[in-house]
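Straight run, no breaks: the sequence shown in numbering that gives the first Met the number 0 ends on number 69.
What follows is a short report on a single structure.
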Amino acid sequence: MTFVKWLKQQKDRNDVIGDLSRDTIRAIEKSTFRGRNFNSLEKLMNELNSAPQAFDALYKAKVVYEAEVA
């Protein structure tokens with residue numbers, strides 16, 4: 000399972016990963032983003048000038064993803 004697919008499935012979480020998931024879903028709906036991995040999402044967030052807290056959530060999500068899926 001790709002990182003982005005996993006992240007989108009986390010939308011019901013009540014933590015920063017859930018917040019990131021919902022923000023990611025909204026960003027994807029408003030753009031032509033079709034990336035599937037961590038690096039492509041990180042690049043999109045850089046292009047959108049995302050807040051430092053969003054990057055903190057992204058890196059936390061990567062750790063959880065790697066523990067659960069990878």
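In this text, a Cβ means the ideal position worked out from N, Cα and C, and glycines have one as well.
Everything numeric in this text was worked out from a predicted model, so none of it was measured.
- The alpha-carbon of Arg33 is positioned some 18 Å away from that of Lys10.
- In this structure Val68 is exposed. Its beta-carbon is surrounded by fewer than 16 other beta-carbon atoms within 10 angstroms.
- Residues Val15 and Ile16 of the same chain have their beta carbon placed closer than 7 Å to that of Lys59, with the five preceding and five following residues left out of the count.
- According to the DSSP assignment, Leu43 belongs to the alpha helix (DSSP H) that extends over Phe37 to Glu46.
- In the three-state scheme derived from DSSP, where H, G and I count as helix and E and B as strand, Arg25 is classed as helix.
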